[in-house]
Every structure is written in structure tokens, then in C-alpha cells.
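Below: one structure, written as C-alpha cells.
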Amino acid sequence: MSTREKGFTLIELLIVIAIIGILASTILINVGGARIKARDAKRKMQLISIRSALEVYYASHGRYPQAGGCAIVNCYVYSSGGANWIPALAAEVGSLPVDPINNLDGPWVDGHYTFAYGNVATDGQRYDLTAQLESPSDPDRCAVKNYKFNPHGTDVGWCDGSPYTYSDQIFEVSR
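Residue numbering for the sequence shown follows this note's numbering, starting at 174 and increasing by one per position.
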């Protein structure tokens with residue numbers, strides 16, 4: 174009479190390992206998407222918070238602060254420069270939030286995750302406050318909203334190709 178040892182065959186073990194691997198990769202992909210959405214939500218909230226601080230500044234001074242040392246239109250400062258990236262505003266409210274990735278200047282270029290403030294009108298009555306979102310399906314991105322910026326007194330689309338073509342992922346809370 175033959176006795177059979179208890180245990181799993183090599184093929185059974187390989188099948189179980191493959192199934193666990195597939196499940197783990199699916200979970201990691203879903204977690205990555207959730208992280209992207211969380212960073213985008215944080216970006217939006219932080220820009221809205223900065224916009225509120227800009228409105229308080231405006232109420233006190235009758236104009237929005239210039240972008241750093243720039244006194245011209247179409248000049249920007251970036252959060253990649255640190256927590257005092259809008260110096261006049263930081264002097265009044267303390268350190269400012271920065272983008273969750275905060276890697277490179279110019280959020281209108283794909284892969285550059287930073288906040289940008291600038292393009293302040295010469296009369297101090299208008300500005301751009303911009304970031305780049307990561308999620309290509311976010312309903313607030315430029316490809317859906319077609320945000321405008323106002324260099325030299327003309328409305329120009331950020332992402333509509335006239336006369337510039339910037340990232341479709343731009344998010345803006347400008348005035």
C-alpha cells in the first residue's frame with residue numbers, strides 16, 4: 174500500500190503565487206491612482222487658501238502683491254523656491270503652502286509640479302495663480318475648463334493652442 178505525503182505540488186504553489194502577484198499589482202495600481210487624486214485635491218485646496226490670503230492682502234493694500242521683485246506683467250514666482258515664494262504675501266501671513274511634489278518651475282509644462290503666481294497687472298488688479306494636476310481625468314483641468322491668462326492685457330488660452338500650447342493639466346484660481 175502506497176502512502177501519499179501531505180502537501181502541495183510545485184504547480185499548485187506556482188499558481189497560488191501568480192494569483193497573489195496579480196492581486197497585489199492590481200491593489201498597488203489602485204492605490205497609486207488614489208494618491209494622485211489626493212495630491213490633486215490638496216493642490217486645489219492650497220491654491221484656494223492662497224487665493225483667500227491674496228484677497229486679504231488686496232483688502233489691506235488695494236492691489237495684489239507683485240511677483241517677487243518683478244514689477245512687470247508676465248513675470249512669475251514659483252513655490253519650488255520655498256515657503257516664502259510670494260514675498261509680500263508671506264511677510265503678512267507667514268509661510269505659504271507649496272505643491273506636494275514641488276519639483277520644477279513652470280507648472281504649464283508637463284511634469285513640472287509647482288505653484289506659480291504672477292502676471293500681476295500693472296494696476297495690481299489681476300493675477301494668475303496656477304498649478305499642474307496629475308490626474309488626466311480631473312474635471313478641473315485646463316483641457317476641460319480652458320483657463321485664460323492675461324499677458325499684456327489680452328486674454329490668451331493656456332491650453333487651446335492660440336498662440337501658445339501649454340499643458341492640458343493646468344489648474345488655475347486666478348482673478
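Where a beta carbon is used, it is the ideal one built from N, C-alpha and C, also for glycine.
Between residue i and residue j, what straight-line distance do the alpha-carbon atoms span, to the nearest angstrom?
i: residue 321; j: residue 292; result: 12 angstroms
i: residue 295; j: residue 238; result: 11 angstroms
i: residue 232; j: residue 251; result: 23 angstroms
i: residue 210; j: residue 192; result: 28 angstroms
i: residue 256; j: residue 317; result: 30 angstroms
i: residue 234; j: residue 248; result: 20 angstroms
i: residue 199; j: residue 297; result: 50 angstroms
i: residue 278; j: residue 289; result: 8 angstroms
i: residue 187; j: residue 179; result: 17 angstroms
i: residue 307; j: residue 225; result: 23 angstroms
i: residue 203; j: residue 313; result: 21 angstroms
i: residue 197; j: residue 183; result: 21 angstroms
i: residue 146; j: residue 315; result: For the chain, the structure presents residues 174 to 348; residue 146 sits outside this window and is missing.
i: residue 331; j: residue 205; result: 28 angstroms
Whole-angstrom Cβ separation of residue i and residue j, contact assumed at under 8 angstroms?
i: residue 333; j: residue 319; result: 6 angstroms
i: residue 305; j: residue 340; result: 6 angstroms
Quick check on this structure: which residue in the options has the alpha carbon closest to the alpha carbon of residue i?
i: residue 282; options: 187, 185, 344; result: 344
i: residue 260; options: 276, 310, 280, 227; result: 227
i: residue 302; options: 222, 178, 346; result: 346
i: residue 310; options: 342, 220, 330, 299; result: 342
i: residue 220; options: 280, 183, 331; result: 280
i: residue 300; options: 206, 230, 276; result: 230
i: residue 223; options: 276, 258, 205; result: 258
Is residue i buried or exposed, if buried means 16 or more other CB atoms sit within 10 Å of its CB?
i: residue 181; result: exposed
i: residue 287; result: buried
i: residue 285; result: buried
i: residue 208; result: exposed
i: residue 185; result: exposed
i: residue 195; result: exposed
i: residue 190; result: exposed
Between residue i and chain D, is the shortest Cβ-Cβ distance under 7 angstroms, so that the two count as touching?
i: residue 187; result: Within the model displayed, chain D is absent; a lone protein chain is all it includes.
Three or more C-beta pairs below 8 angstroms linking the stretch 268-279 and the stretch 210-222: yes
Given 8 angstroms, three or more beta-carbon pairs between the stretch 251-270 and the stretch 222-241: yes
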